[in-house]
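The structure appears below as structure tokens.
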Amino acid sequence: MGPRLREDDAERMTSDPIRLTVNGTNHSIAAAPDTPLLYILRNDLELNGPKFGCGLGECGACTVIVDGVAARSCVLPLSACAGRSVTTLEGLGSRERPDPLQAAFVQHQAAQCGYCLNGMIMTAKALLLRNPHPSEQEIKQALRYNLCRCGTHVEILAAVMTAAGHHVARDHTAGGAADATH
Amino acid sequence: MRRTDAADPDMTTTPDAGSLSIIRSTPDDATGSGFDIYIAIDASGQVFAYNGHVDLGTGIRTALTQIVAEELDVALDRVTMVLGDTTKTPNQGPTIASETIQITAVPLRNAAAQARHYLLARAAEQLDQPADSLTIEDGLIRAQSNHSVSYAELVAGGIVRLELRDDVALKDVNSYKLVGRAIPRLEIPAMTTGEMIYVHDVRVPGMLHGRVVRPPYAGVDAGDFVGTSLIAVDERSVADIPGLIAVVHIGDFVGVVTDREENAIRAAAQLKLTWKPTPTLPDLKDIATALRANPSTPRTLRDTGDVDAALANAATPMSRTYVWPYHIHGSIGPSCSVADYTDGGLRVWTGSQNPHNLRADLAKLMALPEAQIDVIRLEAAGCYGRNGADDVSADAALLSRAVGRSVRVQLTREQEHAWDPKGTGQLMEVNGGLDASGHPAAYDFATRYPSNAAPTLALLLTGAVPPVAATLQMGDRTAIPPYDYPAMRVTVHDMAPIVRASWFRGVSALPNSFAHESYIDELATEAGVDPVEYRLRYLKDERAARLVRDVAERAKWEPRPTWTPKEADGDVVRGRGFAYAVYVHGTFPGKAAAWSAWVADVAVNKATGDVAVTHVTVGQDSGLVINPDGVRHQIHGNVIQSTSRALMEEVTFEPSAVASREWGGYPIITFPEVPKIDVVIVERQDQPPLGVGESASVPSAAAIANAIFDATGVRFRELPFTPDRIRAGLLAAEEKAKPASPLKKRRLLAGLATFCTAVVGLIVAASPWRPAIAPITPPDVATYSAATIARGAQLAALGDCAVCHTADGGIVNAGGRALETPFGTVIATNITPDVETGIGAWSFPAFERAMRQGIHRDGRHLYPAFPYNHFAKTSEADLQALYAYLMAQPPVRQTNPETKLPFPLNLRPLLAGWNLLFHSPAAFAADPAKSEVWNRGAYLVEGLGHCRACHTPRNALGAEKASLKLAGGIAEGWTAPPLTALSHAPIPWNEQELFTYLRSGISQFHGVAAGPMAPVVKELSALPDSDIRAMATYLASFNPNAPTHEAQQAMAARLETITSAKPLNASQQGARIYDGACAVCHEPGGPQWFGSRPSLALNSNLHGASPDNLARVIVEGITQPVNGDLGAMPGFAHSLNDQQLTELIRYLRTRFAPDKPAWDGIDTALKAARGTIK
Ligand code: FES
Ligand code: FES
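The listed protein sequences derive, respectively, from chains A and B.
Quick note, the first sequence lines up with residues 9 to 190 if you use this note's numbering.
Quick note, the second sequence lines up with residues 29 to 1202 if you use this note's numbering.
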């Protein structure tokens, strides 16, 4: 009566290695195609930038950029990345040559524990790629689903605002402004 | 890898070169080293400083470095801070109570000063100058003669150990060069580039991956069932997991170890365990009742004046109850640890806040002497109290011991949420009131704080420690109010926890201050005095009073002796509230950390109940400020986190466990909700430094409650201030609340009985026996052209052959897949050309007979799970091509289990009767009145494509109802929606959308292909556009009034607009879960992500007659999308419980299909959906 395959079981173990580019380097990965990209990046490629936070796409800690767009690598199957170009935090810049956004995070001391930082930077970077000068509201909307438990929001916002070309006061009096109408 | 510290500062590695260390002898220390080092300077002039506390993400490492470098007069980069490494640092207890700078840094600072004095004295001798004439710059001591000697030179050649003194002279504050400056934190550059090594990033050669499986009593750690509830472990349930190394269980401790992390995750999810039922918890929805009922011992902290008499004589008696909910620490990174148990020793990399206590716990757990355990502390995700860091370290140790290799374990989000020792619910009751002249008459305060030190979980689960809840006296933090009440009694009811609970930022001081600071506001209102002025009347602490005045002034506080209704801006009213507190920590009476005061501004939407904290002016007197940026950032963090706690945080419970297991069920603050923050730092560089890690949290809840009162005139005494609570409170203030509506159950159809009766009647009517067709040797595939085989491949894709005939993880077309049908499980057969186990011996006539009549080569009837009634329509040429393709594939020898249906369905001859009734083997006949494209589409859809097999309702005998062709059916428990005008889709399909959907797996106006439709679309990718177009043309013809694309766009815009707001009548809990778990990808206009962001307002499933598909998608997720462009969706089976899912589904229906009736049968749909999860 027409029953069908359960999609999450398809092709496991029977498939060929999957090719993708990470931070400009080509890789061929032999792993189950439904493996979330996060584990490939962290364990196979030993990239520490993307972090596990929830595995449900809720917190943003695992964010990477796939073909220029932010992606939550904890819920993105490896198979969906075949032939694509992935950029992780490491691919943006290094301590010696930071991306301007990374430099802005340092400038504003935008970290407490820093665990959420990968997601904040990569999500903001994806925003800046499509809109180099977002407004404060646009930045907040873009980061609204990136969670930070330490409460570093003020400094993070200041860093992204700086990278977006806004002038931000040294003591971070900018930021905030919630309203009951949201 | 031995150490992840930047350098190994072990002084014993170069004993000959010389060193100076400041030590404290520890003759009784169990580990036998005999002393702790505080400061060591090596012969190169490098300084190593040791502190038993750790950096929890607060910047303590940088602040301590500043203190040491300042007292020693060296540059910052000469100092390496070593924190919380059990073999190297002194045991200074857990990093709690904001004590690091205030308390544990004191000996460090003394040690640095002592080293400087010593070196200065040595230099004076060497340079032959009086010590007070020398100057020091970055470790170089210079005489006025310009002769100089460096620390390195002074240290070289001898090992000097000095016993730490605490009477050394410290530097004059006015000469400070480093302390008091905003030195950038040392770790931040590495954090921004991924170069920072957190405990999550530790990799040891040969390391395996483990996951634990926790018992069903999630978040409960006391009671005789703890550690004794596991009945059975079914190791076969994970036999198919690749790379499985071990399943480990000791008592109720269960873990799995595999080679790869994703395999460990899968194994942990799949492992079948049998547990005893666990007892129900007290109802924690009603915290006040539960806490009053919890056994307790009263402890009177203060009793001054005649409280009872004062209460009896109060002119305005006021008794008030304040309730604090349970909170989760909510570290963004679930706890993680790596353990290496080899050669009888244990090394653990941990994010613990108390490495020394952890070492003692591990010694107990593993029965090892402490000296054989090395606990290495690395930076972790933010820690705000006792979270899962110690638990996971013990888990890793047990798993490593079981497999004899190093094992990394990370908790799941769900485990961290459910099992972290909660910030406990707390109950504060105040009896008091005003005397005739408006002064406070008395203050009789009682608080209940059911929390303890939360023993490390593995100790309890393995039975190493009995699961008896200890009582810890920590409810007394800031239990004494700061005001000079004439008669005062303060009682703490010490009690054991109800669920696993331990300290969380602000500990009991935060709830206690919520009560103190709300109550004094209530007194002020009652007395008709401005709340700030009223506080100052009774605040005798001068530093506190100055802070209160400074903060009020900075916020431009306008005195408001009486409350007046606020002018509304639409539905929004605004107000501001004040609160002050000092955080008292340590054993009663404790020590005060920094003083803090808040002015909170709120905007309250009276219609929706939404509260926004728009602005916070926060002031702090922290004594000497080591690093002003560090202090400001701590204040920001405290304000934001505590605002989040006050506004939205609350753990929910199932009857016997914690229910909040992810961020939808337990939302925290997001960027748009963060208030503007204005920080006032009161300069006190002449005073000792005070802890700043928690103080600014403490006034939060009261300031916000006071502001909500100011805005609305309604007093809220229970957290969190969620929209539903506020709305209910506002309504209740006017009138009484409303009843709830009951839910109806739905009946299930049972067609089996009818089927049996009918079949027995038919058995005589048809001729059930068919002859076998003789086996052949497989045909020579060389006789088929490549073009024919290629066409056959397309046809096989159209017919989804491989979808049914391939097992999970199995070889394509080799069969073995179990197909669930309403009548039982049918096992798909091997259709590779293997002679014995497949169809290699089938001639084309045998194949054709099977395809058209459902007869096996050997004459057996095939079950109509095989849709031969549709395949029969296929042309002979196409069947030839399909046959050629199948025969050209590599043969696979694979014997599959036989299909075993229950009697009488196991009698295959009965199917002859079924065929007689329901099957017409006629080939497809074109309709000359229709176009060629339409006819092509009809041929594909009705024939091999067998769309009707799923999309048409079936009768009790499992046959399609001819009169309801394509009117919607069921496939594997999913609703296959109607493809005709009966469609529930809010925007009707047209040909173009059908084409786009079949081609790409997504229609912007309907959603993505999921469930059984996903593999169908995947297979269709083999067909050319022209065939897909033909199918779309044919299907669209069932819907003659299809709208144009422009019309569809207009409808979409309208639907998205009318569903853009959260409806007031919708489930608030569902709304919160949607915001935390779904909105990230599904909220219209939300951020852009890789993959599709299906619009729920347009989604057919939300508008369907039953919630089946929605339930399935949420529970299972879409982990293998039709194609990579679509992205994927996680399943929430293990993260949300049925109650949460029900509320979520109700919310989604109300919000996104507002014109449709509420669904019945959500419970049945969820049950069915859960049944599909392994
Ligand atoms: S870990 Fe991927 S979104 Fe949370
Ligand atoms: S800085 Fe710790 S979670 Fe954001």
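For glycine and all other residues, C-beta sits at the position ideal for the given N, C-alpha and C.
Bear in mind the structure is a predicted one, so any value in this text is a computation, not a measurement.
Item                                                                                                                                                                                                            : Value
Which runs of the beta strand (DSSP E) spanning at least 3 residues fall entirely within the segment 311-347 of chain B, listed in chain order?                                                                 : 324-332
Give every residue whose Cβ lies closer than 7 Å to any heavy atom of ligand 2, listed in chain order.                                                                                                          : A:A119, A:Q120, A:C121, A:G122, A:Y123, A:C124, A:L125, A:C156, A:R157, A:C158, A:T160, B:G85, B:I360, B:A409, B:G410
Are there any heavy atoms of ligand 1 lying less than 7 Å away from the beta-carbon of A69 (chain A), as far as the coordinates show?                                                                           : yes
Since R105 (chain A) contacts E223 (chain B) with CB under 8 Å, what's their CB separation in whole angstroms?                                                                                                  : R105 (chain A) to E223 (chain B), Cβ: 12 Å. No contact.
Looking at ligand 1, does it come within less than 7 Å of R753 (chain B), judged from the CB to the closest heavy atom?                                                                                         : no
Note down the Cα distance separating L45 (chain A) from E444 (chain B), rounded to an integer number of angstroms.                                                                                              : 22 Å
Is DSSP giving L1063 (chain B) helix, strand or coil here?                                                                                                                                                      : helix
Measuring from the CB of R1177 (chain B), is there a heavy atom of ligand 1 at a distance below 7 Å?                                                                                                            : no
Roughly how many angstroms separate the alpha carbons of V920 (chain B) and V854 (chain B), rounded to a whole number?                                                                                          : 20 Å
At 8 Å on the CB atoms, spell out the chain A contacts of P212 (chain B), in chain order.                                                                                                                       : V114, Q117
Report whether the distance from the Cβ of E1000 (chain B) to the nearest heavy atom of ligand 1 is below 7 Å.                                                                                                  : no
Mind listing the chain A neighbours of I216 (chain B)? Cutoff is C-beta to C-beta under 8 Å, in chain order.                                                                                                    : F113, V114, Q117, A118, A119, G122
What three-state label does DSSP hand H664 (chain B) in the structure shown?                                                                                                                                    : helix
Would you kindly check if the distance between the Cβ of V254 (chain B) and the Cβ of P495 (chain B) is under 8 Å?                                                                                              : yes
Sort out for me which residues DSSP pairs I404 (chain B) with in a bridge.                                                                                                                                      : B:W377
What span of residues does the beta strand (DSSP E) with K300 (chain B) cover, start to end?                                                                                                                    : 300-303
What did DSSP end up calling Y146 (chain B) once you bin it into helix, strand or coil?                                                                                                                         : helix
Can you tell me whether DSSP reads K1046 (chain B) as helix, strand or coil?                                                                                                                                    : helix
Does chain B have any CB closer than 8 Å to the CB of S36 (chain A)?                                                                                                                                            : no
Determine which residues of the segment 1136-1150 of chain B have a Cβ less than 9 Å from any Cβ of chain A, and write them out in chain order.                                                                 : E1144, G1145, I1146, T1147, Q1148, P1149, V1150
Are the beta-carbon atoms belonging to G973 (chain B) and E66 (chain A) less than 8 Å from one another?                                                                                                         : no
For H544 (chain B), which of helix, strand or coil comes out of DSSP?                                                                                                                                           : helix
Opposite V601 (chain B) in the DSSP bridges: which residues?                                                                                                                                                    : B:V632
For the segment 1175-1183 of chain B against the segment 709-717 of chain B, do three or more pairs of beta-carbon atoms, one drawn from each stretch, fall closer than 8 Å, so that the two count as touching? : no
Which ranges would you report for the beta strand (DSSP E) in the segment 82-135 of chain A if only whole runs of at least 3 residues count?                                                                    : 93-95
So which residues of chain B does I129 (chain A) contact, with C-beta pairs closer than 7 Å?                                                                                                                    : T220
Given 7 Å as the limit, tell me if L151 (chain A) has its C-beta closer than that to any heavy atom belonging to ligand 1.                                                                                      : no
According to the neighbour-count rule (16 or more other Cβ atoms, all chains shown, within 10 Å of its Cβ), is N934 (chain B) buried or exposed?                                                                : exposed
Can you tell me whether N415 (chain B) is helix, strand or coil according to DSSP?                                                                                                                              : coil
Mind pulling the alpha helix (DSSP H) runs of 4 or more residues that sit fully within the segment 47-87 of chain A?                                                                                            : none
Which residues mark the beginning and the end of the alpha helix (DSSP H) in which L968 (chain B) is found?                                                                                                     : 960-970
Classify K392 (chain B) as helix, strand or coil using the three-state DSSP reduction.                                                                                                                          : helix
How many Å lie between P326 (chain B) and A267 (chain B) at the Cα?                                                                                                                                             : 54 Å
Which of the three DSSP states is assigned to L155 (chain A) in this structure?                                                                                                                                 : coil
Look at the alpha carbon of Q142 (chain B) and the alpha carbon of V196 (chain B), and state the distance between them as a whole number of angstroms.                                                          : 6 Å
Taking all protein chains shown into account, do 16 or more other C-beta atoms lie within 10 angstroms of the C-beta of K300 (chain B), making it buried, or fewer, making it exposed?                          : exposed
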